[in-house]
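Numbering (UniProt numbering), first residue to last: 1 to 721.
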């Protein structure tokens, strides 16, 4: 009898041991990177923060030096150690990542071409050749039998570069010259080049440290462009260049000296005026100049005022102005070209409390506006003579639409794009007189199993803690049951008034086809529900953004779409700040969180005016030199609020050359998380050593990181195929 009992006990022990091995996480035996600690005291407002990882910050000079100094080498060693740990910890998913990558790029038509846009006697388009990671930028004359001209051959130009980013492209009024911008570092500091389209010759003109685009005066030889502060990368000067001269001879026609503003240059749709715009979060100012007189004097439309925003376009004898003057949700006014100050503005479309006026497009017979009603974009067509006024109808519960490439004044045809969570991006031409539309192109999904009717989208409203109704856009494959067991990925952004649109994504099919539900939380900080939606999600109300996201997550659990063991969160840049905040606030809610290029060291970054983007974002986050903003910012800053507690599985991504959210923010954050977290969940970071904020420049290369992101979640769900 004893032998029998011992045998049973041994079997139980063996079974238990086997179960432990099965449950053991692949990375459990690996040693995670450990960053050295060099305490640095940061004191302001009689408050001292200790930053043990401040040493990770490198200057541009250090990063660009041929031979790294000791500090640079320490940083590189740490970043490479994190990349190595990621590679080993996720090695068991390598085949899954390969499958996902091939699956994602396999849905993309390899020899695709854009819908041509007609302008000034030519038809312009981009196209891809099979196997090409970069586009060919082409045009044809608008005549029968016209031969294709390849203006820029992306695949040839990008050879030998690990990163090759195209900026703007603009053709001179006489159709003979092309100006284009190129960035080979990924810091959005472009060099402008000029090409003779008749001979194919690349001109000697070469303009460095620019914003990436050029605007032509009507003489065809004068261009205007922006240059950047070399340290902060703020676009601070508008410069005039004459073709055939050196950059050293260029003339600064405008300098934006207020470091909370940045500037840009463009042209009205009528081609009659050149326009310089100065932009701040809560204020704008525009200057104009006759495009036929590039050496003339620039005139201000309306001098800048705090909390006064406006944008302009031109039609006949008036400027048409979208503005928030006495109009929280913006309105449309017009003013004579020779009387542009606000005292002369006359309402064309008055302010409405329930409609957010988004933009306008001017035609000879029609005024077309984009408006947002109940969180969804609409397109309105108004005949100038008042004989017709209507909205184009759309049927999906959640969708995205916008007018696009309407360069011709004298036409009845409007071109617009449409997409929904289930409908691929579609380009339409709409006859505004006959109210008929023609589908020009719908992005092809190269997948014989794909059909729009296989997927379902919904638009629901979650109730926030303060009673606010938060729109939620949801998509899933038909057949998914609301049983509380589905994996669900919740995405949001929630900053700068940027509204997150419910668009189609062929890459997302890899989630949906494996049973995932995908949801977008249209949280405060965007402008989906009007200007108040933005105002209530920034500055001293920023925490509404975070609590809204948490409340949407709880709503989706309550509605049986998922449960907390299968709930995932994703956000990037300012949305990465959101991820850091919800990790500190509600770490138990999520099985996994993906923070892409995350803005997490909020206080230190906003205190440092030498960092790109800082100065003209005070109206978004607040200036921490003011104690009230400092205290509030510190209370939610992800890096400053990491604690000794359990966190969920986390994947962080960044780029060494990122100029918007510097690499050291996520690097410091992961080091502090490793130091303090008390769980054994997966914590990894992918730092691309060759790219910046936007990731890889190639058409397909960027999807390798997406495959990693999906594999991260699938692995946690036990999905191996």
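Backbone N, C-alpha and C define an ideal beta-carbon position, used for all residues, glycine too.
In three-state terms, what does DSSP make of residue i?
{"i": "residue 509", "result": "helix"}
{"i": "residue 500", "result": "coil"}
{"i": "residue 730", "result": "As displayed, the chain neither begins before 1 nor continues past 721, which places residue 730 out of reach and without an answer."}
{"i": "residue 78", "result": "helix"}
{"i": "residue 305", "result": "coil"}
{"i": "residue 178", "result": "strand"}
{"i": "residue 532", "result": "helix"}
{"i": "residue 8", "result": "Confidence in residue 8 is poor, its pLDDT being 41 and thus under 50, which makes the residue's placement too unreliable to answer from."}
{"i": "residue 21", "result": "Model confidence at residue 21 stands at a pLDDT of 43, short of 50, so the residue's coordinates are unreliable and nothing is read from them."}
{"i": "residue 704", "result": "helix"}
{"i": "residue 717", "result": "helix"}
{"i": "residue 85", "result": "helix"}
{"i": "residue 629", "result": "helix"}
{"i": "residue 725", "result": "Here the chain comprises residues numbered 1 to 721, so residue 725 is not present and cannot be evaluated."}
{"i": "residue 65", "result": "coil"}
{"i": "residue 329", "result": "coil"}
{"i": "residue 548", "result": "helix"}
{"i": "residue 576", "result": "helix"}
{"i": "residue 216", "result": "strand"}
{"i": "residue 603", "result": "helix"}
{"i": "residue 360", "result": "strand"}
{"i": "residue 541", "result": "helix"}
{"i": "residue 273", "result": "strand"}
{"i": "residue 611", "result": "coil"}
With a cut-off of 8 Å on the beta carbons, I'd call residue i and residue j a contact; round off their distance for me.
{"i": "residue 267", "j": "residue 215", "result": "5 Å"}
{"i": "residue 578", "j": "residue 494", "result": "6 Å"}
{"i": "residue 364", "j": "residue 410", "result": "5 Å"}
{"i": "residue 587", "j": "residue 646", "result": "6 Å"}
{"i": "residue 691", "j": "residue 101", "result": "Going by Cβ atoms, the distance from residue 691 to residue 101 rounds to 17 Å, so no, they are not a contact pair."}
{"i": "residue 140", "j": "residue 123", "result": "5 Å"}
{"i": "residue 117", "j": "residue 405", "result": "4 Å"}
{"i": "residue 291", "j": "residue 273", "result": "6 Å"}
{"i": "residue 488", "j": "residue 561", "result": "6 Å"}
{"i": "residue 314", "j": "residue 270", "result": "5 Å"}
{"i": "residue 308", "j": "residue 322", "result": "Residue 308 to residue 322, Cβ: 12 Å. No contact."}
Thinking just about the alpha-carbon of each residue, which of the options is nearest to the one in residue i?
{"i": "residue 47", "options": "631, 651, 312", "result": "631"}
{"i": "residue 649", "options": "101, 448, 592, 44", "result": "592"}
{"i": "residue 486", "options": "409, 505, 565, 453", "result": "565"}
{"i": "residue 155", "options": "130, 149, 176", "result": "130"}
{"i": "residue 568", "options": "286, 311, 262, 490", "result": "490"}
{"i": "residue 87", "options": "116, 33, 119", "result": "33"}
{"i": "residue 261", "options": "678, 614, 677, 666", "result": "614"}
{"i": "residue 595", "options": "661, 325, 294", "result": "661"}
{"i": "residue 711", "options": "586, 99, 590", "result": "99"}
{"i": "residue 584", "options": "175, 612, 638, 384", "result": "638"}
{"i": "residue 51", "options": "234, 603, 385", "result": "603"}
{"i": "residue 239", "options": "230, 247, 251", "result": "251"}
{"i": "residue 520", "options": "137, 147, 31, 375", "result": "375"}
Taking 8 Å as the threshold (C-beta atoms), are residue j and residue i in contact?
{"i": "residue 128", "j": "residue 699", "result": "yes"}
{"i": "residue 81", "j": "residue 72", "result": "no"}
{"i": "residue 225", "j": "residue 211", "result": "yes"}
{"i": "residue 574", "j": "residue 502", "result": "no"}
{"i": "residue 207", "j": "residue 191", "result": "yes"}
{"i": "residue 343", "j": "residue 358", "result": "no"}
{"i": "residue 707", "j": "residue 97", "result": "yes"}
{"i": "residue 456", "j": "residue 472", "result": "no"}
{"i": "residue 178", "j": "residue 157", "result": "no"}
{"i": "residue 651", "j": "residue 709", "result": "yes"}
{"i": "residue 522", "j": "residue 582", "result": "no"}
{"i": "residue 654", "j": "residue 685", "result": "yes"}
{"i": "residue 538", "j": "residue 525", "result": "yes"}
{"i": "residue 444", "j": "residue 438", "result": "no"}
{"i": "residue 28", "j": "residue 532", "result": "no"}
{"i": "residue 280", "j": "residue 341", "result": "no"}
{"i": "residue 414", "j": "residue 432", "result": "yes"}
{"i": "residue 427", "j": "residue 436", "result": "no"}
{"i": "residue 335", "j": "residue 310", "result": "no"}
{"i": "residue 114", "j": "residue 168", "result": "no"}
{"i": "residue 356", "j": "residue 527", "result": "yes"}
Check: At what residue ranges does the segment 636-678 contain a whole run of the beta strand (DSSP E), taking only runs of 3 or more?
Finding: Scanning the segment 636-678 for uninterrupted beta strand (DSSP E) segments of 3 residues or longer gives 649-655, listed from N- to C-terminal end.
Next item on the list: Enumerate, from N- to C-terminal direction, the unbroken beta strand (DSSP E) stretches of 3 or more residues contained entirely within the segment 245-270.
Entry: Whole beta strand (DSSP E) segments, 3+ residues: 251-255, 262-267.
Checklist line | Whole beta strand (DSSP E) elements within the segment 399-443, 3-residue minimum | finding: Qualifying beta strand (DSSP E) stretches, in chain order: 399-403, 413-420, 426-431, 436-442.
Next item on the list: Could you tell me which uninterrupted alpha helix (DSSP H) segments, each at least 4 residues in length, are contained entirely in the segment 93-181, listed from first to last along the chain?
Entry: For the segment 93-181, whole alpha helix (DSSP H) runs of length 4 or above, ordered along the chain, are 94-106, 154-157.
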